[in-house]
Each structure stands twice: as structure tokens, then as C-alpha cells.
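For reference, the structure is listed below as C-alpha cells.
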Amino acid sequence: MAFFIFLLLFLFILSSPSKSDTAQYHNNMTDRQTLFAIKDELIDPFGSLSSWNESVPFCQWHGVVCGTRNHRVTELNLLDQKLMGVLSPSVGNLSFLIRLDIGNNSISGNIPPELGHLSRLRYLYLYNNSFYGEIPTNLSFCSNLVELRAFKNNLVGVLPRELGVLSKLKYFDFSYAKLTGEIPKSYGNLSSLLEMYLLDNDLVGNIPDELGKLKSLRIFDADFNRLSGIIPSSLFNLSSLKVIDVSGNQLEGILPRDLGINLPKLECLSISKNRFSGSLPNSLFNLSGLMYFIVGGNNFGGEIPRFDKLHNLYYLGMDNNQFDNTGKPDDDLSFISSLINATNLKYLYLQNNAFGGIFHEFFSNLSNDLAFVDLSNNQLSGHIPVEIGKFVNLEELRLRGNQLTSIIPLTIGKLYKLRNLDLSQNRVLGIIPSSIANLSLLTELNVDHNNLRGRIPSSIEKCQSLLYLNLNQNNLIGSIPKEICLISSLVDLNLSSNNLNGALPKELDNLKNLLSLDVSLNSLTGEIPSTLGSCVTIVNLTMKRNLFHGLIPSTFNSLRNLQVLDLSHNKLSGTVPKYLEDFSLNLLNLSFNNFEGALPERGIFENVSIVSLVGNPRICGGVPGLKLPSCYYSHSKKLNFKLVILVIFGILGLVFMVGLLLVYQFGRPKRTFPSLDKDINQLLAMSYQSILKITNGFSTSNLIGVGCHGYVYKGILETDGKHVAIKVLNLLQHGAIKSFIAECETLRNVRHRNLVKLLTACSSVDYGGIEFKALVYEFMANGSLEDWLHPDNSRENVQPRRLGFLQRLNIAIDVASAIHYLHNDCQISIVHCDLKPNNVLLDNELVAHVGDFGLARFLHLTDKTTCRIQTSSTIFKGSIGYTPPEYGMGSEPSTHGDVYSFGIVLLELLTGKRPTDDMFSGDLSLHDFVRNAMHDGVLEIVDPVLNLEEEEISRESSRISSFMRRQKKVEGLISLFEVGVSCSMYDSYKRKNIKEVVRELCSIRDSLVGCT
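Read in order, the letters of the sequence shown are residues -20 to -1, 1 to 992 in mature numbering (1 follows the signal peptide of the UniProt record, and there is no 0).
Structural data, given as C-alpha cells:
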């Protein structure tokens, strides 16, 4: 019996838990409860955490790994589980955790500072989530951290200097965030660091010299920040470095001569879009392991060394620099021949360098692996070699803006992978080869501005991936093949400025994705097909200067996305469709057709600035602003002819009597200038007396401007209270009479929303019998662009006025549109000859109107009066700084001259600097000033008012929207500066066409509006 009692007691003692066992059980329960707490804070839409329940031991839960001895959680791996919610601070209780991986989810909230309790943690992966807030400094207590990857989050604030104590850290990645401030110097103590990624943030300041102490560093990637200063020499001396990527910053200086010696393992050098200068060190070209050499968008110059030893080169980018390889324009690209050994070369970007050379002599020997080639905007000559067919891996070939001649070889059809082909703005001859049909992956084909002839091949139908097809400005003939309408993917189709004839294909209804169609300046005939009304996505429809006849199809009622509809200079007839009232157009141009009847009066027809109807003498009605004749309808077709005669003579008699009364009342003969536009009935009858009255006796309080030929006064018409601007000519001033005649002759022939409207003119005598001449314009409430860009700060009680970025862009588009109209859409082309900010006036809504046509010239005239105006002076005098250089050498005024003046005005709009500024002396001009800095120092040369505007916006909006806005704005500024520089080239033949300018400016605005 005693034995059994002893046995039971022994078994009880064995079965009782020890003190250590109790503690272990308690710790396991802590991990279990912590995991439940983590689950409670997460949203699990796909049930990834369904195994996390009471019925399953937590060490068997999905993503949980426990230690084999103590059964504590050592790993938590929830990578790519589509989780949302927040990371619970309870995670800090998993004290044995070594690895935490919650990457590729949508977890938000702050990074819990409690992670700093995990002293055993070695791997922390938080990347590609939605964490926000600052990086917790407590992470510095995770002294065993080896990898810290938190890229692609919404983190803000600065990089904590406290993290510099993590001596075991090897991988550090906080890329694609919104971090600010500087790179801490303490990071030079991360003695084990192998890779540091800080790209795409908003970091500023210098790269710390202390980083040169990281003797094991292999990768330093900090591209697309705002880092400045130079790359410290200590970094260039890290022999372990394989990758240096600091593109898209504000770094400057030169590359050290011994760079290639001190960095023998270098595989990638990417320093594009900075401010580096000097020449490329020869030692670089001994780095046989170099694969990525990207130095575009800097100020490098000098001779380019040969590439013979760079056998592994994969990416070569030297675009947008100032290289002058040999000083021999025809041999600039001889260094390319040394790339024959670079058999892995896939990317070749040399655009915008003004390289000369014979294209076919060097290109044929390059690697067959080439996939992306851009040699645009150089001065390459020669032809496209037949050997082009061997580059079967080409996906992109851009040769825009060179001097290539000869034909497009048939072998182009062997480039089966080609997606983008741009041969525009060259001198390419011959026909479009039928082999183009083999390029089934082609999305973009630009061969505009060449000398192509023949027909558009019907085989192009096989290019079923085409999005953009631009054949503009060639000599193509024949009809538009219906097969082109079977490419349903087309978004932009431009066939303008050719010699195409015949009717538009009825199959146009297949183009369901079309946004823009331009067939203008051809000889197309027939009626506009009704099937075009099925292209409901179309935004821009331009069909001007053809021979279309008949009615506007009723199916156009479906084109509610239209923003531009230009059917001008055709033979269309019938009434203007009433449904157009409901459209949201930016431009409706129906001028010079045979439309008739009453014009609708609602919707867009109320905005006279966007509607053009000149050259349709049988249109009547409309809003008063259009100044069309009234419509008189008779319900009887058998009107008594005698009654008509009586009415006419009665009206004439009444007019005669009124005239006698006026002569009697004023006592002096007065001559009223004849009507300025035959389409306008009853212009204001202004006399010297009436002008004297509405200007308060030419009071100085009414004086709003002084010009070289007279004075401008503000007045209010007694008839309707409308404000007007009256330009009173100083006839003692040389050229005043000529200026008066020129303005009258010019403005009576034009009407455009962006031209100052001339209401009437007065040619009379004053009370002293002295000849008096004046011009009466619509009043522009916001004065001239000159007043806004260069306000008179000496005037008291005048609030400063600023033009924002988009306002300036809209003004530029307005001015360019006006010049485009004068050059291309008038019955007789007109050259303004004096475009400058003082002659750009702004109305209540800051819409720009070009005025002052005192120096305007007509082109290609036979009319004696206008010819006299054109040739009355052999020496042209314009405004200093805005007049193109060729005028000073005796060249006749031309459309190229207006483009130059516009380019200078655009650069002045962006920089806030006049071309006559004191800083522009010697060889430096506004054009050169911008050209030298626009790619790398765009924010340095931009008008400070725009920078101030950006700061104000940043304070009022979130950091995310501010960052995106800044990036978008910089891109837009660079594009605008490029347009301004291209327009103001010293050689007139290199300047852009004003039509292309308008299109590019509108495209820039479209890309900005979505972000801004």
C-alpha cells in the first residue's frame, strides 16, 4: 500500500510543470496573442490569414516560422498577400523575430516605433506598401539589422541620422518615397554597407564626403533628387564601387582623370541630367566591365575617346551635350566605329548634339543587338543603308531632324520588332516602300516634312498596331486608300500638306479610337462622308483648304468630344448646324465656304473669340459680337418689285437727309474712313468731335499708352457704354501715315479671336483745320503683356500683378495662334513684323490679342495699294531684340521673321528677362542664355515669380501633389524652352513652322492640365 502511495506521489512530481516550463508557456502565449493582435489590425480580402485561428497551433499558421527549441516566432513572412490595414505596434512583442517581410501589400499607417524593441531582427522588408509618416528613429536599436528595405511608400521627413549606428547593415533602401533633407554624414559609419538606394526622393544638399569611408560599398543610387555640389573625390576612390547613379540632380563639376583607374570594377556610371562639364576622362574607356554609360543632359564637351575596350557596353547615352569630337563637321561620329566590338550594345542615344557625319558609313557596323537608337536633331547626312535590315532586334529608330537623303530601303521591312520609326524633318526621297507592311508591331510612324512622293501603299493595312501615323508635308499623290481606315488602333492620323485627291474613304467609321484627323491642305473632293460621325472619340478634326462640297453631315451631332473643328476654305454649303450650339469647342472655323441662312445664337456661338465665319457672305443673324447682317425673311415669294424700289429709295433719301443734318450741325467737312470689313454693317461713325469728347479732351487721365507713332487713350462710347481704346496718330512723326494705312489695310482683311479688333477709323480735321487720324479698337482691360512682365514699381498704390505658369502658357498659345492665322489662314498671308510684349494686349480673362500692325507686310500681292505698302521702304525697322538677324542684313520680311520674334517673346515670358537686358552683351543673347541652361538649370533661369508661385502652391497642397506638380512643371518648362530656342534660331531655315509651334504648345498644356 505504501508502495502505491509512493508511486503516485512520484508520478505527480514528474507531471508538475517546472518554473522554466511555466515561463516558456507564458512566452509562447505572448507570441500567440501578438499574432492575433497583428491579424486584428489587418484587412485580409483573400483569406491569406484564415489559418490564424484557435484550432491550429500558431507555429503552423501561414507565414509564421518558429524556432525548433523554444517554439518562439522567428520569421513572419506575409509577402504579396494583398493585405491592407495597418501594422500593429504589438509586433514589437515578438522578441525572437529575426525576419519580418510584409512587402508587396497595401498596408498603411505609420511604421511602428515598437520595431525598435526587436534586438534580434536582421531582415526588415516593408517595401511597396502605403506606409506614411516619418521613419522612426527607434529602428537604430535593431542593432543586428542586415537588410532594411522600405522603398515605394509614402514616407516623409528626413533620413534619421540615428540609423548611422547600424554597423551590420548591408542593404539600405528608402527609394521612391517623399523624403527631404540631406543625406546624414553619420551614414559614413555604416561600415558593412554594400548597397545604398535613395532614388526618387526630394533630398537636397551635398553628397557627404564621409560616404568615402564605406570601403565595401558596391552600389550608390540617388538619382532623381535635388542633390547639389560635386561628387566627393572620396566616393570616386572607392575601388569596390560597381554602380554610381546620380542622374536627375543638380550636381556639377568635372569627372576626375583617374576615374577609370580608381574604380576598376565600375559597371554603371549614370550621371545624366545634371550640370557636369569638361571633357570625358580617357581612363573611363579602359573599363572593360562598363555596361551602362549614361551622361546625357549635361554640359560635356571636347573630343570623345574611342570605345574599343568597352566590349560589354550595353547602354550608351550621351545625348543633349556639347561634344565637339574632332572639329571636323563631317567626321564627328567617327568614334562610333570603335563600337564594333561592343556586341551587346542595345541602347544608343546621341540625340541633340549637332553631330555631323555620314550616317551609313558608321551605322552598318554596329551590333546586331541594337534595340533603341535615337540620333535625332543632329546634322547627319548620307542615306539609310540597305544593311539596315540586319538589325532585326530594333524596336525604336529615331532619326528626326537630320539631313538624310535617298530613299527608304525595302529592307526596312525586315525589322519585325520595330515599334517606333521616326524619319521626319529630313530630305528623304522616293516612295513609302510596301515592305512597311511587315512591321506588324509598329505603333508610331513619322515621316513628315520630307520629299516622299507616290501613293500611300494600301499594304499599310497590315500595320494593325499603329497608333500614330504622320505623313504630313510631303508630295504624296492619289487618293487616301480605304485600307488605312481598317487600322482600328489609330489614334492620330495626319495626312495634311500633300497632293492627295479624290474623296475621303467611307470606311472612316472603323477608326473607333481616333482622337485627331488632319487632312488639310490637299485637293480632296466630294462630300464629307457621314460615316465620319461614328468616330465619336475624335477631339481634333481639321479638313481646311480642300475642295469638299455639300452639307456638314448630320451624323456630326455625335462628335461631342470635339475641341477643334476646322472646315475652312472649302466649298461646303447649307446652314450651319444648330446642334453645334451644344458642343464644347475651343475652335470652330467655317470661314471661306458657301454657308447661308441664320446662324445659331446659343452655346459656342455666343463666344465670338472661338468662332470664325468670314468669307460666308450669305450667313446672317448670330450674336451681335459677330457683326453679321440681320436676317429678313418673307413669307411671300411674289414680292412687288415696285415696293422694293420704293423702300430702297426711301432708305437712301433718309440717309441723305441725316448726312445733311450732320454736316449742318458740325459746321465743318469731315471725312469718315471707309468701312474696314465688307462683312460688317454699320461701323461706328466716329468724328473728331466725338473722339475729343469721349477722351475728355485728350486728357492725360485717359492716356493709357504712348507709341512711336502716336498716343493711346481710353474712352467710353456714348451709344452703348462700351470701353474702347483710341490710337491718335502723331502725323508729324515720320511713318505715321504709312502706319495708319498699314493697320487699316491689314485689319480690314482679318478677323481672329486673338487679334485686336479694329472697330472703326477716323480721317478728318480738327478744330484748327489740321489733319486728324485715329483708330478705334476694342479696349483691353488688362493692358499689355509688357506691363505684366515688367511692371513699373515706381508707381504708388499699384498692386503687383503676377502671371502664373499656365497663364503664361495660354498667352503663348494665343499669340502663336494669331501668328499662325496671319501666315496661313488669311486670304493673303500677312507678316506682323513687330511682335513684342508691348504689342500683346490682354482682355478681362487674360486672353491675349496681338495688335499694332503699323509695320505689317502682305506677301505675294498683285493689288497696287497693298503692294505700295509692302515695298514703300527698302530698309526695315523693327524693335531691337525682337527683330530677326536677317532683317539687319537686308533680307525681306518673312514668316520666318515672325517666328523668331515669337520665340524671343516666349523666352521672355518664361525667364522674365527682356532680350535687351544689360546682362546680354557681347556674344551672349537671350537665346544663348536659355539654350546653355535649359536642360539642367531650368529652375535657375525661370522667372522668379514662377518659383514663388510654386512655393505658395506647395504650402497649400499635400506633399504628394506638390512633388508631382513640380516634376510635371519642370518637364513642361524644358519643353517650352525648347520651343522658344527652336523658334529663335539664328538661321531662319532652322526655325520651326508656326503651325508646329501651336501644336507643340497645346500638347504641353494638355500634359500639364491633368496634374495642375
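The C-beta atom is built at its ideal place from N, Cα and C for all residues, glycine as well.
Runs of beta strand (DSSP E) lying entirely within the region 208 to 246, each at least 3 residues, in chain order:
223 to 225, 230 to 233
Are Asp832 and Asn734 closer than 8 Å when you measure CB to CB?
By 1-based counting over the sequence shown, the position of residue 832 is 852. By 1-based counting over the sequence shown, the position of residue 734 is 754. Pairing Asp832 with Asn734 gives a Cβ-Cβ distance that is not under 8 Å.
Can Ser763 and Leu821 be called in contact, C-beta distance under 8 Å?
Looking up residue 763 in the sequence shown gives position 783. Looking up residue 821 in the sequence shown gives position 841. The amino acid at residue 763 is misidentified as Ser; the sequence shows Gly. A contact, by the Cβ cut-off of 8 Å.
For a test of the three-state rule: what should DSSP assign to Ile684, helix, strand or coil?
In the sequence shown, the residue the question calls residue 684 occupies position 704. Ile684: strand per DSSP, three-state reduction.
Can you say whether His689 is buried or exposed, counting buried as having 16 or more other CB atoms within 10 angstroms of its CB?
Here residue 689 corresponds to residue number 709 of the sequence shown, with the count starting at 1. In the assembly as shown, His689 is a buried residue. Its beta-carbon has 16 or more other beta-carbons within 10 Å.
For Leu542 and Ile599, the rounded distance between their alpha carbons
Counting from 1 along the sequence shown, the entry for residue 599 is found at position 619. Counting from 1 along the sequence shown, the entry for residue 542 is found at position 562. About 23 Å.
Considering only C-alpha positions, which residue in the set Leu173, Gly917, Leu183, Leu128 is nearest to Glu162?
By 1-based counting over the sequence shown, the position of residue 162 is 182. With distances taken between Cα atoms, Glu162 lies closest to Leu183.
Pick out whichever of Leu235, Lys948, Ser317, Thr680 has its Cα sitting closest to the Cα of Phe280.
Taking the sequence shown and counting its residues from 1, one reaches residue 280 at position 300. Comparing Cα-Cα distances from Phe280 to each of Leu235, Lys948, Ser317, Thr680, the minimum goes to Leu235.
With a threshold of 16 other CB atoms inside 10 Å of the CB of Met271, please say whether the residue is buried or exposed.
One-based indexing of the sequence shown puts residue 271 at position 291. Classification for Met271: buried.
Pick from Pro895, Val950, Asp898 that is closest to Leu919, judged by C-alpha positions
Working through the sequence shown from its first residue, we reach residue 919 at position 939. Ranking the options by Cα distance to Leu919, first place goes to Val950.
Do the region 805 to 817 and the region 977 to 992 meet, that is, are 3 or more Cβ pairs less than 8 Å apart?
no
With distance defined between alpha-carbon atoms, name the residue in Lys19, Leu956, Thr675, Val830 nearest to Ala754.
Taking the sequence shown and counting its residues from 1, one reaches residue 754 at position 774. For Ala754, the nearest C-alpha among the options comes from Thr675.
Rounded to a whole number of angstroms, what is the C-alpha to C-alpha distance between Ser477 and Arg380?
Locating residue 477 in the sequence shown gives position 497, counting from the first residue. Locating residue 380 in the sequence shown gives position 400, counting from the first residue. Whole-angstrom Cα-Cα distance: 18 Å.
Where DSSP assigns a beta bridge to Cys248, which residues make up the other side?
One-based indexing of the sequence shown puts residue 248 at position 268. Val223, Tyr272.
Residues in its own chain within less than 8 Å of Thr511 by CB, not counting five upstream and five downstream?
The count along the sequence shown starts at 1 and reaches residue 511 at position 531. Around Thr511: Lys486, Glu487, Leu488, Asp489, Thr535.
With DSSP run on the structure shown, which of helix, strand or coil describes Ala828?
Along the sequence shown, read from residue 1 onward, the residue named residue 828 stands at position 848. Reduced to three states, the DSSP call for Ala828 is strand.
Of the residues Ile671, Gly715, Val708, the one placed nearest Glu698, counting alpha carbons only:
Here residue 698 corresponds to residue number 718 of the sequence shown, with the count starting at 1. For Glu698, the nearest C-alpha among the options comes from Ile671.
For Thr323, count neighbouring C-beta atoms within 10 Å of its own C-beta (all shown protein chains included) and say buried if the count is 16 or more, exposed if not.
Working through the sequence shown from its first residue, we reach residue 323 at position 343. Exposed, by the Cβ-count rule.
Below 8 Å between beta carbons: does that hold for Val71 and Gly89?
Numbered from its first residue, the sequence shown carries residue 71 at position 91. Numbered from its first residue, the sequence shown carries residue 89 at position 109. It is not a contact, given that the beta carbons lie outside the stated cut-off.
With DSSP as the reference, label Phe759 as helix, strand or coil.
As a first step, residue 759 must be located in the sequence shown, where it is residue number 779. In the displayed model, Phe759 falls within coil according to three-state DSSP, outside both helix and strand.
Quick check: the region 734 to 743 against the region 860 to 874, are there 3 or more CB pairs under 8 Å?
no
Taking Val126 as part of the beta strand (DSSP E), name the residues at either end of that continuous run.
Stepping through the sequence shown from its first residue, residue 126 is reached at position 146. Here Val126 belongs to no beta strand (DSSP E), and DSSP marks it neither H nor E.
Three-state secondary structure (DSSP) at Gly434?
One-based indexing of the sequence shown puts residue 434 at position 454. It is a strand residue.
Cβ neighbours of Gly113 in the same chain (closer than 6 Å, five flanking residues each side left out):
Residue 113 sits at position 133 when you count from the first residue of the sequence shown. These residues qualify, in order along the chain: Asn90.
Straight-line gap, Phe528 to Leu570 (C-alpha atoms, nearest Å):
The residue you call residue 528 lines up with position 548 of the sequence shown. The residue you call residue 570 lines up with position 590 of the sequence shown. Phe528 and Leu570: Cα-Cα distance of roughly 12 Å.
In angstroms with no decimal places, state the Cα-to-Cα distance between Gly369 and Lys394.
What you label residue 369 is simply residue 389 of the sequence shown in a count that begins at 1. What you label residue 394 is simply residue 414 of the sequence shown in a count that begins at 1. Taking the straight line joining both Cα atoms gives about 5 Å.
If distances are taken between C-alpha atoms only, which option among Val594, Ala716, Pro580 comes closest to Gly601?
The count along the sequence shown starts at 1 and reaches residue 601 at position 621. Considering only alpha carbons, the answer is Pro580.
From which residue to which residue does the alpha helix (DSSP H) around Arg788 run?
One-based indexing of the sequence shown puts residue 788 at position 808. 785 to 800 is the extent of the alpha helix (DSSP H) around Arg788.
Within 10 angstroms of its Cβ, does Lys673 collect 16 or more other Cβ (buried), or is it exposed?
Taking the sequence shown and counting its residues from 1, the one referred to as residue 673 is at position 693. So Lys673 counts as exposed.
Burial state of Met176 (16 or more Cβ within 10 Å)
Taking the sequence shown and counting its residues from 1, one reaches residue 176 at position 196. Burial call: buried.
Residues bridged to Phe303 by DSSP?
In the sequence shown, counting from the first residue as 1, residue 303 sits at position 323. Gly282.
If you draw a straight line from the alpha carbon of Ile416 to that of Ile440, how long is it in whole angstroms?
Here the question's residue 416 lines up with position 436 in the sequence shown. Here the question's residue 440 lines up with position 460 in the sequence shown. Spanning the two alpha carbons is a distance of roughly 7 Å.
Could you pull out every unbroken beta strand (DSSP E) segment of at least 3 residues lying fully inside the region 81 to 111, listed in chain order?
Listed in chain order, the complete beta strand (DSSP E) runs (minimum 3 residues) inside the region 81 to 111 are 103 to 105.
Mark Phe26 as exposed unless 16 or more other C-beta atoms lie within 10 angstroms of its C-beta, in which case mark it buried.
Your numbering for residue 26 matches position 46 in the sequence shown. Under this definition Phe26 is an exposed residue.
For a quick check, are the C-beta atoms of Val704 and Gly695 less than 8 Å apart?
In the sequence shown, counting from the first residue as 1, residue 704 sits at position 724. In the sequence shown, counting from the first residue as 1, residue 695 sits at position 715. Taking 8 Å as the Cβ cut-off, Val704 and Gly695 qualify as a contacting pair.
Would you call the CB atoms of Leu839 and Val811 closer than 8 Å?
Start at 1 with the first residue of the sequence shown, and residue 839 comes out as number 859. Start at 1 with the first residue of the sequence shown, and residue 811 comes out as number 831. Against a cut-off of 8 Å, the Cβ pair of Val811 and Leu839 comes out as a contact.
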